[in-house]
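Protein chains in written order, with the numbering used here: chain D, 5 to 545; chain U, 5 to 545.
2 protein chains.
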Amino acid sequence: MTQFINKKEDIVAEAIDGLVAASGGRLARLDGFPHIRVVVRADWDRSKVALVSGGGAGHEPAHAGFVGPGMLTAAVCGDVFASPSVDAVLAGILAVTGRAGCLLIVKNYTGDRLNFGLAAERARAFGLNVRVVIVDDDVALPDLPQARGVAGTLFVHKIAGALADSGADLATVTAAAEQVIAGIHSIGMSLDTCTVPGAPKEDRIPAGKAELGLGIHGEAGVEQVDYVDARGAVAMVAEKLSPFMRPGVPHTVLINNLGGASVLEMQVLLYELARSPIADRIGHVIGPAAMMTSLDMRGFSVSVYPADGTHLAALEAPCGPAAWPGISRLTPVEVVNLPDGLKPIKPLPSAHAPTRAFLTRCCEILIGAEALLNQLDAKAGDGDTGSTLAGAARSLLSVMDDLPLADHTQLCRAIGLELSQTMGGSSGVLLAIFFAAAGDAASSGLSLTEALKAGLQRMQEIGGAQLGDRTMVDALHPALASLAEGGLPAAARAAREGANATAQMVRAKAGRSTYINAEQLRGHADPGAEAVAILFERLQG
Amino acid sequence: MTQFINKKEDIVAEAIDGLVAASGGRLARLDGFPHIRVVVRADWDRSKVALVSGGGAGHEPAHAGFVGPGMLTAAVCGDVFASPSVDAVLAGILAVTGRAGCLLIVKNYTGDRLNFGLAAERARAFGLNVRVVIVDDDVALPDLPQARGVAGTLFVHKIAGALADSGADLATVTAAAEQVIAGIHSIGMSLDTCTVPGAPKEDRIPAGKAELGLGIHGEAGVEQVDYVDARGAVAMVAEKLSPFMRPGVPHTVLINNLGGASVLEMQVLLYELARSPIADRIGHVIGPAAMMTSLDMRGFSVSVYPADGTHLAALEAPCGPAAWPGISRLTPVEVVNLPDGLKPIKPLPSAHAPTRAFLTRCCEILIGAEALLNQLDAKAGDGDTGSTLAGAARSLLSVMDDLPLADHTQLCRAIGLELSQTMGGSSGVLLAIFFAAAGDAASSGLSLTEALKAGLQRMQEIGGAQLGDRTMVDALHPALASLAEGGLPAAARAAREGANATAQMVRAKAGRSTYINAEQLRGHADPGAEAVAILFERLQG
Numbered sequence: 005m006t007q008f009i010n011k012k013e014d015i016v017a018e019a020i021d022g023l024v025a026a027s028g029g030r031l032a033r034l035d036g037f038p039h040i041r042v043v044v045r046a047d048w049d050r051s052k053v054a055l056v057s058g059g060g061a062g063h064e065p066a067h068a069g070f071v072g073p074g075m076l077t078a079a080v081c082g083d084v085f086a087s088p089s090v091d092a093v094l095a096g097i098l099a100v101t102g103r104a105g106c107l108l109i110v111k112n113y114t115g116d117r118l119n120f121g122l123a124a125e126r127a128r129a130f131g132l133n134v135r136v137v138i139v140d141d142d143v144a145l146p147d148l149p150q151a152r153g154v155a156g157t158l159f160v161h162k163i164a165g166a167l168a169d170s171g172a173d174l175a176t177v178t179a180a181a182e183q184v185i186a187g188i189h190s191i192g193m194s195l196d197t198c199t200v201p202g203a204p205k206e207d208r209i210p211a212g213k214a215e216l217g218l219g220i221h222g223e224a225g226v227e228q229v230d231y232v233d234a235r236g237a238v239a240m241v242a243e244k245l246s247p248f249m250r251p252g253v254p255h256t257v258l259i260n261n262l263g264g265a266s267v268l269e270m271q272v273l274l275y276e277l278a279r280s281p282i283a284d285r286i287g288h289v290i291g292p293a294a295m296m297t298s299l300d301m302r303g304f305s306v307s308v309y310p311a312d313g314t315h316l317a318a319l320e321a322p323c324g325p326a327a328w329p330g331i332s333r334l335t336p337v338e339v340v341n342l343p344d345g346l347k348p349i350k351p352l353p354s355a356h357a358p359t360r361a362f363l364t365r366c367c368e369i370l371i372g373a374e375a376l377l378n379q380l381d382a383k384a385g386d387g388d389t390g391s392t393l394a395g396a397a398r399s400l401l402s403v404m405d406d407l408p409l410a411d412h413t414q415l416c417r418a419i420g421l422e423l424s425q426t427m428g429g430s431s432g433v434l435l436a437i438f439f440a441a442a443g444d445a446a447s448s449g450l451s452l453t454e455a456l457k458a459g460l461q462r463m464q465e466i467g468g469a470q471l472g473d474r475t476m477v478d479a480l481h482p483a484l485a486s487l488a489e490g491g492l493p494a495a496a497r498a499a500r501e502g503a504n505a506t507a508q509m510v511r512a513k514a515g516r517s518t519y520i521n522a523e524q525l526r527g528h529a530d531p532g533a534e535a536v537a538i539l540f541e542r543l544q545g
Numbered sequence: 005m006t007q008f009i010n011k012k013e014d015i016v017a018e019a020i021d022g023l024v025a026a027s028g029g030r031l032a033r034l035d036g037f038p039h040i041r042v043v044v045r046a047d048w049d050r051s052k053v054a055l056v057s058g059g060g061a062g063h064e065p066a067h068a069g070f071v072g073p074g075m076l077t078a079a080v081c082g083d084v085f086a087s088p089s090v091d092a093v094l095a096g097i098l099a100v101t102g103r104a105g106c107l108l109i110v111k112n113y114t115g116d117r118l119n120f121g122l123a124a125e126r127a128r129a130f131g132l133n134v135r136v137v138i139v140d141d142d143v144a145l146p147d148l149p150q151a152r153g154v155a156g157t158l159f160v161h162k163i164a165g166a167l168a169d170s171g172a173d174l175a176t177v178t179a180a181a182e183q184v185i186a187g188i189h190s191i192g193m194s195l196d197t198c199t200v201p202g203a204p205k206e207d208r209i210p211a212g213k214a215e216l217g218l219g220i221h222g223e224a225g226v227e228q229v230d231y232v233d234a235r236g237a238v239a240m241v242a243e244k245l246s247p248f249m250r251p252g253v254p255h256t257v258l259i260n261n262l263g264g265a266s267v268l269e270m271q272v273l274l275y276e277l278a279r280s281p282i283a284d285r286i287g288h289v290i291g292p293a294a295m296m297t298s299l300d301m302r303g304f305s306v307s308v309y310p311a312d313g314t315h316l317a318a319l320e321a322p323c324g325p326a327a328w329p330g331i332s333r334l335t336p337v338e339v340v341n342l343p344d345g346l347k348p349i350k351p352l353p354s355a356h357a358p359t360r361a362f363l364t365r366c367c368e369i370l371i372g373a374e375a376l377l378n379q380l381d382a383k384a385g386d387g388d389t390g391s392t393l394a395g396a397a398r399s400l401l402s403v404m405d406d407l408p409l410a411d412h413t414q415l416c417r418a419i420g421l422e423l424s425q426t427m428g429g430s431s432g433v434l435l436a437i438f439f440a441a442a443g444d445a446a447s448s449g450l451s452l453t454e455a456l457k458a459g460l461q462r463m464q465e466i467g468g469a470q471l472g473d474r475t476m477v478d479a480l481h482p483a484l485a486s487l488a489e490g491g492l493p494a495a496a497r498a499a500r501e502g503a504n505a506t507a508q509m510v511r512a513k514a515g516r517s518t519y520i521n522a523e524q525l526r527g528h529a530d531p532g533a534e535a536v537a538i539l540f541e542r543l544q545g
């Protein structure tokens with residue numbers, strides 16, 4: 005699988021420089037590429053407890069994306085899925101630790117434990133006050149004495165971050181972090197493996213299966229389970245988490261995108277969580293968002309923590325990093341009544357013999373032109389222009405008794421409504437817009453001709469067709485322009501000239517004919533324009 | 005490709021309810037599922053200009069994710085990649101439009117134009133003041149008179165949103181939106197197609213190729229280009245955008261994840277953009293983030309807009325939606341000097357005959373036990389415990405003249421440092437931690453025995469090994485516990501008992517032996533524990 009990277013060995017350094025460049029000066033990084041890759045707050049004055057986290061890359065935005073006020077002070081980055089070196093961690097600690105001390109937040113993977121652990125010892129030899137907490141929130145392997153650290157780590161970053169930012173001392177921040185760690189539980193599920201740069205993508209998960217109980221380094225899940233749908237997936241996840249949730253207290257749930265699930269899917273998973281067996285134990289939600297990813301893995305993880313009091317407040321506290329998605333109460337969906345007006349109030353019918361006769365004649369003309377227009381459309385389209393217009397005409401005839409024939413404003417609107425409901429397709433909508441906008445214009449006092457012109461203009465704005473684009477506009481526009489001065493004969497002549505001219509327009513710029521090549525179009529008028537010309541011509545006769 | 009969804013026809017409604025449920029009460033949706041899917045601000049009082057946008061689903065977080073203070077008032081959602089109905093759009097307009105009027109922000113796709121256009125007409129028939137703007141930012145097809153609307157639409161949402169929120173009237177908001185639209189240009193690139201729910205994934209892009217000039221509905225890009233790396237990808241994108249960028253003014257660049265690119269890749273793309281041919285014309289950056297996605301497409305798009313003055317301020321204005329990633333100046337990467345202290349200052353050597361003799365004897369014992377320990381390790385590991393320890397011992401002997409033998413505190417630290425640099429592997433780091441922490445404890449005034457105990461405790465904390473886990477701890481812990489009272493003989497006895505006991509520990513819980521099955525372990529002592537026992541036993545002799 006091709007990826008948007010350059011040389012494999014440069015990925016992490018380049019990604020860091022990308023992040024720092026777009027931080028608006030809020031982040032900096034230590035000198036020391038390629039071996040030492042540490043992102044630090046640019047505005048850090050060491051007056052408060054520093055929080056340092058990190059680990060292998062491939063989990064972005066973790067950890068560097070969470071460096072900022074109210075969260076981490078520095079992030080130490082290793083290669084993809086590989087722990088940073090002791091020197092790199094030590095550099096991170098030394099760069100940000102002042103007299104208030106430093107807390108290292110380490111995910112429970114052997115490499116990270118050892119390298120962060122030894123770096124802490126080295127830093128202590130300088131007299132620095134360094135504490136270490138190890139996050140082990142994964143419940144995939146309940147028998148394993150050393151559970152992995154996964155996305156629940158974000159709870160620690162945020163809560164410890166808010167406390168440190170508020171000026172709490174190292175002992176307080178550490179105790180809070182330990183309390184949080186004791187209460188976080190996470191589990192992940194995936195439908196596909198991730199793409200490790202430079203390695204062939206493993207095809208491990210067969211169709212119809214999912215992996216449950218994932219780490220965040222592409223390793224296989226603890227079990228392969230039958231996958232049916234989002235609801236089933238969330239049910240399995242909820243079942244794994246449920247035994248670890250404290251009874252009787254609301255939990256905050258963090259929903260993490262492992263990198264490759266679409267935002268749409270994540271929202272569906274959230275929907276399922278909100279009606280899952282653990283839904284009534286969820287008070288707040290963080291995400292869904294990509295926080296602790298496993299590169300591009302199509303998977304998600306759910307972490308739960310019974311945050312209350314100061315810890316809930318810490319989760320809610322504003323913070324700098326844009327990657328933190330915020331926290332919200334999980335609430336029932338508020339459903340607002342549909343507004344009035346969706347069912348259009350049909351105007352009262354009214355009689356007007358001349359209008360009825362005129363409209364009936366228009367309809368008859370279009371019905372009579374059905375075969376001819378279909379034939380013409382077959383040259384450049386699917387041969388249904390005639391039938392579409394004739395069908396609309398028949399519908400209009402059938403509702404003639406219900407139309408407000410005596411009120412042109414209302415009549416235009418009513419015709420527009422009728423066309424939008426019966427004609428279908430783009431042309432139906434466009435003609436509906438034409439008549440509705442004409443009615444709108446007429447209601448503001450314009451003459452019928454001017455109102456029709458206004459309708460045409462609105463139809464062109466929405467449809468995008470200009471003169472010369474080989475559409476009905478090429479006949480309708482000149483016809484309406486001639487109507488006021490020259491009456492029907494002038495309008496008919498103009499419409500005919502316009503329609504004929506479309507036979508030479510071989511580069512359609514709007515409508516369906518845009519997809520037809522020039523030679524097929526040459527010599528044949530646009531059927532929509534032809535329909536307009538026929539209508540005006542026959543109205544005279 | 006399996007996806008985290010339930011029934012295909014329910015995706016959009018479920019995703020909306022997920023979003024609304026996790027909005028903390030800030031969002032609501034209209035009654036009217038399944039046909040009318042409209043997300044609205046729950047706190048909206050119609051006192052300001054309403055902004056309504058929307059379109060097909062599959063672009064999440066657009067559009068519903070951008071409903072909130074300072075951005076959209078309502079989002080109207082169609083099926084995946086299909087325009088919402090006229091009724092749905094009309095419902096959205098009617099639900100939020102007051103006397104200040106409403107602006108519809110429509111992406112330039114035929115279905116959206118028509119349905120939003122007709123809905124606008126219908127709303128006008130109710131006397132509502134409704135304006136429509138059509139976003140056409142895609143530069144993929146420069147000859148096409150109707151460019152598509154893609155991710156640049158976010159500029160319109162944010163700028164018009166901030167203006168409307170500040171109380172601007174409809175004419176002002178519309179004029180601003182039109183000005184923004186005239187200035188936005190976007191182009192997308194992808195390495196893989198997206199997975200449309202219910203349809204087989206199209207395998208259209210061969211290895212080594214990318215598609216340039218993408219819409220956001222999974223349609224093929226305008227051209228297939230050779231793909232080399234992220235740098236080349238950004239160069240092609242920059243080349244397409246460059247002719248459209250206004251000379252001499254800084255642009256804001258929006259970097260959008262089309263859904264399936266990893267966060268790591270997006271940061272690399274940002275890095276490349278910051279050193280691309282258009283880098284010196286970039287003033288600010290929005291993203292990288294998934295804003296206008298094409299489901300799970302592994303691709304990105306870049307949009308440019310020369311925002312200045314009020315429009316830049318509008319982009320910078322705080323807003324409600326968490327999906328908005330914020331805007332930052334693009335700056336040179338700030339590189340901070342590495343802190344002092346990474347090269348440990350070696351303590352001054354000092355002589356102390358008894359210590360030298362004791363340490364030398366320890367080393368000799370470990371060297372002497374090399375073959376025996378290797379043999380033991382071969383039962384349960386890779387047979388190198390003896391060699392690893394003997395190698396470390398030889399290293400220590402070789403630097404004996406450089407050690408601060410007269411100062412136990414410094415000596416512990418120096419041994420730790422030496423081991424971390426020469427011994428390698430997890431055990432090297434753990435022993436380094438043991439000695440470094442012992443030195444740390446000794447410096448605070450503890451006796452050597454107590455200091456070693458403190459070192460052991462730290463080593464256990466970091467390594468995670470408890471008594472009974474079949475590690476060297478099983479011998480070292482009882483030995484140190486006996487040392488103060490019973491001296492070396494008691495310590496040796498305790499170490500031996502502890503080491504022998506490991507032969508019956510068949511369920512290793514820490515270290516490498518966790519991967520070995522029980523029957524292979526039974527009857528063989530852990531080589532690390534055995535090494536400790538041998539050391540104490542032979543020190544007596």
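Backbone N, C-alpha and C define an ideal beta-carbon position, used for all residues, glycine too.
On a Cα-Cα basis, can you pick out the residue from V238/D, R208/D, T199/D, G217/D that is closest to D300/D? Taking the first sequence and counting its residues from 1, the one referred to as residue 300/D is at position 296. Nearest Cα to D300/D within the set V238/D, R208/D, T199/D, G217/D: T199/D.
Nearest-angstrom beta carbon gap, G313/U and G74/U [assumed within contact, 8 Å]: Here residue 74/U corresponds to residue number 70 of the second sequence, with the count starting at 1. Here residue 313/U corresponds to residue number 309 of the second sequence, with the count starting at 1. Not quite, the Cβ-Cβ distance comes to about 18 Å (not below 8 Å), so this is no contact.
Answer with yes or no whether the minimum CB distance from E465/D to chain U is below 9 Å. Here residue 465/D is taken as the residue at index 461 of the first sequence, counted from 1. Judged by the 9 Å Cβ criterion, E465/D is in contact with chain U.
S51/U touches chain D at which residues, Cβ-Cβ below 9 Å? The sequence position of residue 51/U within the second sequence is 47, counting from 1. Those within 9 Å of S51/U in chain D number zero; the least Cβ separation is about 17 Å.
When you check each C-beta in the segment 282-301 of chain D against every C-beta of chain U, which residues fall closer than 7 Å? Here the close residues are V289, A294, T297, L299, D300.
Using DSSP with H/G/I as helix, E/B as strand and the rest coil, what is T256/D? In the first sequence, counting from the first residue as 1, residue 256/D sits at position 252. Strand at T256/D.
Measure the alpha-carbon distance for A327/D versus H221/D and round it to whole angstroms. Working through the first sequence from its first residue, we reach residue 327/D at position 323. Working through the first sequence from its first residue, we reach residue 221/D at position 217. Those two C-alpha atoms are separated by around 20 Å.
Can you pull out the residues from the segment 332-365 of chain D whose beta carbon lies closer than 8 Å to at least one beta carbon of chain U? Taking 8 Å as the Cβ-Cβ cut-off, the segment 332-365 of chain D approaches chain U at S332, R333, L334, T335, P336, V337, E338, V339, V340, N341, L342, P343, D344, G345, L346, P348, given in chain order.
Per DSSP, which one or two residues make a beta bridge with K347/D? If you number the first sequence from 1, residue 347/D lands on position 343. According to DSSP, K347/D bridges with nothing at all.
If V24/U and L34/U are in contact, beta carbons under 8 Å, what's the gap, nearest whole angstrom? Counted from its first residue, the second sequence places residue 24/U at position 20. Counted from its first residue, the second sequence places residue 34/U at position 30. About 11 Å; that fails the 8 Å criterion.
Residue closest to A505/U, alpha-carbon to alpha-carbon, out of A445/U, R474/U, S431/U, R360/U: The residue labelled residue 505/U in the question sits at position 501 within the second sequence. Of the candidates A445/U, R474/U, S431/U, R360/U, the one whose C-alpha sits nearest the C-alpha of A505/U is R474/U.
Contact set between E541/U and chain D, taken where Cβ atoms lie within less than 8 Å: Along the second sequence, one-based indexing puts residue 541/U at 537. Simply none; closest approach about 29 Å.
Roughly how many angstroms lie between the CA atoms of V56/D and G264/D, to the nearest whole one? Here residue 56/D refers to the residue found at position 52 of the first sequence. Here residue 264/D refers to the residue found at position 260 of the first sequence. Cα-Cα distance, rounded: 27 Å.
What does P329/U reach in chain D if we use C-beta pairs closer than 9 Å? Your numbering for residue 329/U matches position 325 in the second sequence. Chain D residues near P329/U: A326, A327.
Given this structure, state the Cα-to-Cα distance separating A373/U from A535/U, to the nearest angstrom. By 1-based counting over the second sequence, the position of residue 373/U is 369. By 1-based counting over the second sequence, the position of residue 535/U is 531. Approximately 8 Å, taken between the alpha carbons.
Drop a sphere of 10 angstroms on the beta-carbon of A203/D, count the other beta-carbons inside from all chains shown, and report buried for 16 or more, exposed for fewer. The count along the first sequence starts at 1 and reaches residue 203/D at position 199. A residue is called buried when at least 16 other Cβ atoms come within 10 angstroms of its Cβ; A203/D does not meet this threshold and is exposed.
Give the DSSP-derived three-state secondary structure of R33/D in the structure shown. Here the question's residue 33/D lines up with position 29 in the first sequence. Correct three-state label for R33/D: strand.
Tell me, which residues are paired with Y309/U by DSSP? As a first step, residue 309/U is located in the second sequence; it is residue number 305 there, counting from the start. Per DSSP, T256/U.
With a threshold of 7 Å on Cβ separation, who are the neighbours of G29/D within its own chain once the five nearest residues in sequence on each side are excluded? As a working mapping, residue 29/D is identified with position 25 in the first sequence. Hits under 7 Å: A46.
Beta strand (DSSP E) segments (min. 3 residues) lying fully within the segment 410-449 of chain D: none
Taking the alpha carbon of Q271/U as the reference point, which residue from H528/D, L484/D, P65/D, S486/D has its own alpha carbon closest? The sequence position of residue 271/U within the second sequence is 267, counting from 1. Checking every option, the nearest Cα to that of Q271/U belongs to P65/D.
Where do the N-terminal and C-terminal ends of the alpha helix (DSSP H) with S170/U fall, by residue? Within the second sequence, residue 170/U is the residue found at index 166, counting from 1. Taken as a continuous stretch (DSSP letters only), S170/U belongs to no alpha helix (DSSP H), as it is neither H nor E.
For L407/D, which of helix, strand or coil comes out of DSSP? Counting from one through the first sequence, the residue named residue 407/D turns up at place 403. Coil.
Shorter than 9 Å from the beta carbon of K11/D to some beta carbon of chain U? Within the first sequence, numbered from 1, the residue matching residue 11/D stands at position 7. Yes, contact with chain U.
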